[in-house]
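Trainee: Below is a structure I'd like to ask you about.
2 protein chains.
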Amino acid sequence: MTNKRPYILVTNDDGITAKGLRILIDTAKKFGDVLVVAPDAPQSAKSHSITQAIPIKIDKIIEEEGYAEYSTSGTPVDCVKIAIHELSNRKFDLILSGINHGANTSVSVLYSGTMAAAIEGAMHKIKSVGFSVDNHDPSADFKDVIPYMENIISELIKKELPKGVCLNVNFPDVTKVTVKGIVAVKGADGVWGEKFVKANDPHKRNFVWITGALTNNEAGREDTDLYQIEQCYATVTPIKLDFNYINYLDELSNWEFNKL
Amino acid sequence: MTNKRPYILVTNDDGITAKGLRILIDTAKKFGDVLVVAPDAPQSAKSHSITQAIPIKIDKIIEEEGYAEYSTSGTPVDCVKIAIHELSNRKFDLILSGINHGANTSVSVLYSGTMAAAIEGAMHKIKSVGFSVDNHDPSADFKDVIPYMENIISELIKKELPKGVCLNVNFPDVTKVTVKGIVAVKGADGVWGEKFVKANDPHKRNFVWITGALTNNEAGREDTDLYQIEQCYATVTPIKLDFNYINYLDELSNWEFNKL
Chain Z
5 MTNKRPYILV TNDDGITAKG LRILIDTAKK FGDVLVVAPD APQSAKSHSI TQAIPIKIDK
65 IIEEEGYAEY STSGTPVDCV KIAIHELSNR KFDLILSGIN HGANTSVSVL YSGTMAAAIE
125 GAMHKIKSVG FSVDNHDPSA DFKDVIPYME NIISELIKKE LPKGVCLNVN FPDVTKVTVK
185 GIVAVKGADG VWGEKFVKAN DPHKRNFVWI TGALTNNEAG REDTDLYQIE QCYATVTPIK
245 LDFNYINYLD ELSNWEFNKL
Chain S
5 MTNKRPYILV TNDDGITAKG LRILIDTAKK FGDVLVVAPD APQSAKSHSI TQAIPIKIDK
65 IIEEEGYAEY STSGTPVDCV KIAIHELSNR KFDLILSGIN HGANTSVSVL YSGTMAAAIE
125 GAMHKIKSVG FSVDNHDPSA DFKDVIPYME NIISELIKKE LPKGVCLNVN FPDVTKVTVK
185 GIVAVKGADG VWGEKFVKAN DPHKRNFVWI TGALTNNEAG REDTDLYQIE QCYATVTPIK
245 LDFNYINYLD ELSNWEFNKL
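This is the structure we're talking about:
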């Protein structure tokens, strides 16, 4: 019976035409019925943003037995919400996001639309994982990650994750190196050091392009993703959003907020 | 000497024309030299997104002794990065974000551009705070929050915050109730329950608008922001991003990732 197969949502932030998404779809189909809901254009670095002020366009691309594909004008998180609330006919067993063209290591998790989709999935109590490869080239072929992705998906189907936790899987540049294996490590503490390239448009108005490089604050620390990717290992990191820094609540209670 | 005064960045996500921003600017000017860098259009719910694929337009609006004002076509986080790297002449002592038209309590911190700007500030080791009022009306007058904002800014100038921590300050709807005081509490655990309103454009294409309501998973819990806002208190919550869920690393190490 079809409904006994796992029901899998596939999404990404590079958009519906990305090569990485196509590999992930083909892999997902081996494990279950698949619904693809992905942005109709690139949505990199959109973080957890949602589209509030304007409506979101939804296009049906394919609908057949056990497989359907939609694109939307929304962000990756919009895609997950629309898939869950509008386009699915039963509860998802898995959400697979990616394969992202570019690593989502260290603090990049915060900016990544790919990882935001996985985090949103975990918030909806669905087992979710984001896959990324350390190569930004849209034409790069990520086929070498398939056996490892299959292992992760197999395990994810069998295992439970703690409440609110999703997985962040990063591969080294598989177009250049052979993956030595997967290790479970934390994301390195890091910060993006921005540079801005200035330019003027034809009307002499001021523009800047953002660029920059990630600074690893834990360089040399073996139990971090940045270190292991350099050693040609793939990394898997448990991700859970926690904003509240309750350790500081007592101290903060002593601030003089209330004198008027 | 002008340079002895605190140097304060003011930004928001409702955009450069928002009434809430204007009240925050006037308050900031009492404490130091002020640089305003805010989006040239509303950027609500943009979370931590940055503008990568296209250049960002920067418009100078005002530049005078001790005060300057710019708008950009970027997100709130873009505004903070551009302010720090391109538009400031010295290190900021404070970043003030808001006053947001609408509360940023509970899990809304994750979607909020206002809070993303404050979080980005903390990542750059600058004392940062986001202010929000539980009223979405763009014409609402938030003047009643001024004495409390002044207290918080005074304390923030005197005190240190832990590494990576910023403050999230939420006020009840001050157009309807009198604030009873400020309490330091954690953000309530909650989740947005989305609903989508369907519509067709004139060409019969499918669109959806997102709507929905926040579900409070900790209803009745007194040490949370949602509870205290209902009791007409303002809340201050220490926010620190932590993605790594290292408690699960040992268990995850036992997954069978590596059989090929």
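Note that the protein sequences, when read in sequence, are chains Z and S.
In this text, residue positions in the first sequence follow the working numbering: the first is 5, and each later residue adds one.
In this text, residue positions in the second sequence follow the working numbering: the first is 5, and each later residue adds one.
Note that the Cβ used here is the ideal one computed from N, Cα and C, for glycine as well.
Going by DSSP, what residue range makes up the beta strand (DSSP E) through Z/K61?
Mentor: Unbroken beta strand (DSSP E) run through Z/K61: I60 to E68.
Trainee: Taking contact to mean at least 3 C-beta pairs separated by less than 8 angstroms, is the stretch 235–248 of chain S in contact with the stretch 167–176 of chain S?
Mentor: Touching, yes.
Trainee: Around the Cβ of S/V201, are there at least 16 other Cβ atoms within 10 angstroms (buried) or fewer (exposed)?
Mentor: With fewer than 16 other Cβ atoms within 10 Å, it is exposed.
Trainee: Got a sec? Which residues, its chain only, sit under 6 angstroms from Z/S51 by beta carbon, not counting five neighbours each side?
Mentor: Closer than 6 angstroms at Cβ, skipping near neighbours: Y115 and A120.
Trainee: Suppose the cutoff is 7 angstroms on Cβ atoms and the five residues either side in sequence are ignored; what does the same chain contact list for S/V41 look like?
Mentor: Only L13, T15, Y74, T76, C83, I86, A87 and L91 meet the Cβ criterion.
Trainee: Closer than 8 angstroms by C-beta to Z/M5: which residues in its own chain qualify, once you throw out the five before and the five after it? Chain order, please.
Mentor: In this prediction, Z/M5 scores a pLDDT of 45, lower than 50, which makes its location untrustworthy; the coordinate-derived value is nonetheless stated afterwards. Taken in chain order, the list of residues that qualify is empty.
Trainee: Going by C-alpha distance, which of S/S132, S/L28 and S/S53 is nearest Z/T79?
Mentor: Comparing Cα positions, the closest option is S/S53.
Trainee: Give the residues of chain Z in contact with S/Y237, contact being defined as C-beta atoms less than 7 angstroms apart.
Mentor: Those do not exist, as S/Y237 stays about 10 angstroms from chain Z at its closest Cβ, beyond 7 angstroms.
Trainee: Using the Cβ count rule (16 or more neighbours within 10 Å means buried), how would you classify Z/S48?
Mentor: Its Cβ being crowded by 16 or more others within 10 Å, Z/S48 is buried.
Trainee: Mind checking Z/Q235: buried by the 16 CB within 10 Å criterion, or exposed?
Mentor: Its Cβ having fewer than 16 others within 10 Å, Z/Q235 is exposed.
Trainee: Are there 16 or more other CB atoms within 10 angstroms of the CB of S/G125, so buried, or fewer, so exposed?
Mentor: It counts as buried.
Trainee: Output, in sequence order along the chain, the residues in the stretch 232–262 of chain Z whose CB is closer than 7 angstroms to any CB in chain S.
Mentor: Hits within the stretch, in order: V240, T241, P242, I243, K244, L245, D246, F247, N248, Y249, I250, Y252, L253, L256, S257, W259, E260, F261 and N262.
Trainee: Give me the DSSP bridge partner(s) of S/P273.
Mentor: There is simply no residue 273 of chain S to check, as chain S begins at 5 and stops at 264 in what is shown.
Trainee: Could you tell me the alpha carbon to alpha carbon distance between S/S266 and S/I250, rounded to whole angstroms?
Mentor: Residue 266 of chain S lies beyond the range of chain S shown here (5 to 264); nothing can be said about it.
Trainee: From the DSSP secondary-structure annotation, give me the bridge partner or partners of Z/H105.
Mentor: BP columns for Z/H105 point to Z/V137.
Trainee: Please state whether the Cβ-Cβ distance between S/S132 and S/G102 is less than 8 angstroms.
Mentor: Cβ distance not < 8 angstroms, so S/S132 and S/G102 don't count as in contact.
Trainee: Determine the chain Z residues that contact S/P151 at a beta-carbon separation under 8 angstroms, and present them in chain order.
Mentor: What S/P151 touches in chain Z: L264.
Trainee: List the endpoints of the continuous alpha helix (DSSP H) containing S/V149.
Mentor: Unbroken run through S/V149: none, as it is neither H nor E.
Trainee: Sorted by chain position, which residues of the same chain lie with C-beta nearer than 8 angstroms to Z/D141's C-beta, five sequence neighbours on each side aside?
Mentor: Hits under 8 angstroms: H105 and T179.
Trainee: What do you get for Z/A57, buried or exposed, if any count of 16 or more other CB atoms within 10 angstroms of its CB means buried?
Mentor: Exposed is the call here.
Trainee: Between S/I86 and chain Z, is any beta-carbon pair separated by less than 8 angstroms?
Mentor: Yes, S/I86 counts as interfacial toward chain Z.
Trainee: So is Z/D44 buried or exposed if we call it buried at 16+ other beta carbons inside 10 Å?
Mentor: Classification for Z/D44: buried.
Trainee: Mind checking whether Z/P46 and Z/D63 have CB atoms under 8 angstroms apart?
Mentor: Cβ distance not < 8 angstroms, so Z/P46 and Z/D63 don't count as in contact.
Trainee: May I have the straight-line CA-CA distance separating S/D229 from S/N174, to the nearest angstrom?
Mentor: Computed Cα separation, rounded: 8 angstroms.
Trainee: Would S/L98 be called buried (16 or more neighbouring beta carbons within 10 Å of its own) or exposed?
Mentor: With 16 or more other Cβ atoms within 10 Å, it is buried.
Trainee: Take S/K61 and list the residues in its own chain whose beta-carbon comes closer than 6 angstroms to its own, dropping the five residues that flank it on each side.
Mentor: Taken in chain order, the residues that qualify are S77.
Trainee: In the structure shown, what three-state DSSP assignment does S/A122 receive?
Mentor: In the structure shown, S/A122 sits in a helix (DSSP, three-state: H, G or I).
Trainee: Assign S/D145 to one of two classes, buried (16 or more other C-beta atoms within 10 Å of its C-beta) or exposed (fewer than that).
Mentor: Under this definition S/D145 is an exposed residue.
Trainee: State yes or no: is the beta carbon of Z/T55 nearer than 8 angstroms to at least one beta carbon in chain S?
Mentor: Yes, because at least one Cβ of chain S sits closer than 8 angstroms to the Cβ of Z/T55.
Trainee: Starting from Z/A45, trace the alpha helix (DSSP H) in both directions and tell me its first and last residue.
Mentor: First-last for Z/A45: undefined, no H or E at that position.
Trainee: Give the residues of chain Z in contact with S/A203, contact being defined as C-beta atoms less than 7 angstroms apart.
Mentor: Near S/A203 (Cβ distances below 7 angstroms), the residues of chain Z are P59.
Trainee: So if I threshold CB-CB distances at 8 angstroms, which residues from the stretch 25–55 of chain Z count as touching chain B?
Mentor: In the structure shown, chain B does not exist; the protein chains are Z and S.
Trainee: Does the stretch 31–40 of chain Z come close enough to the stretch 153–160 of chain Z to have 3 or more Cβ pairs within less than 8 angstroms?
Mentor: Yes, since at least three Cβ pairs between the stretch 31–40 of chain Z and the stretch 153–160 of chain Z fall closer than 8 angstroms, the two stretches touch.
Trainee: Please classify S/Y11: does DSSP put it in a helix, a strand, or coil?
Mentor: Strand at S/Y11.
Trainee: Please list the residues of the stretch 141–172 of chain S that have a C-beta atom closer than 7 angstroms to any C-beta atom in chain Z, keeping them in chain order.
Mentor: Cβ contacts with chain Z come from P151, Y152, N155, I156, E159, K163, P166 and V169.
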